[in-house]
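Residue numbers (the numbering used here): 52 to 163.
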Ligand SMILES: [Zn+2]
C-alpha cells in the first residue's frame, strides 16, 4: 500500500474509531479492503497478492452477495491461489468515496 500522509492519517483515525466501537467492527474489514484497493502501490508480488485478496473479498460481498462469514471462508480457500494473481492496472479514477468521507463522519450510523 502506498498513500499520501494525509490519507494515511485519515485511515489511521478511521481504524482507531472502528477498534474503539464494537458496533463498527463488522465494517472494519470493508474499510481495510477498500483502502487497500484504492492504494495498491506499485507492482510487486506482495502488492499483487494483497490487493488481489482485498479486491476478491469486495467482489464476493458486493457482486455475489456473500455474507461476511461466507466471504471469509471463501477467502481462506482463495489464499491458496494467490501465487497466480497478476497485476491489474488500477483505473484512472478510484471513485469519489474515499477514507476522507468516513473520516469526516462524526457519529457513524449503523444500519443492518
Ligand atoms: Zn488516498
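Built from N, CA and C at the ideal position, the CB exists for glycine as well.
Using 8 angstroms as the Cβ pair cut-off and three pairs as the minimum, do the segment 112-126 and the segment 139-151 touch? no
Cβ of residue 54 within 7 angstroms of any heavy atom in ligand 1? yes
I need the straight-line Cα distance from residue 145 to residue 97, nearest angstrom please. 20 angstroms
Can you list the alpha helix (DSSP H) stretches of 4 or more residues lying completely in the segment 58-121, in chain order? 76-89, 96-109
Residue range of the unbroken alpha helix (DSSP H) whose run includes residue 151: 150-155
Where residue 56 falls, given that 16 or more other Cβ within 10 Å makes a residue buried: exposed
Taking 7 angstroms as the cut-off, is the CB of residue 137 close to at least one heavy atom of ligand 1? no
Starting from the Cα of residue 132, find the closest Cα among 78, 61, 92, 104 and give me that residue. 104
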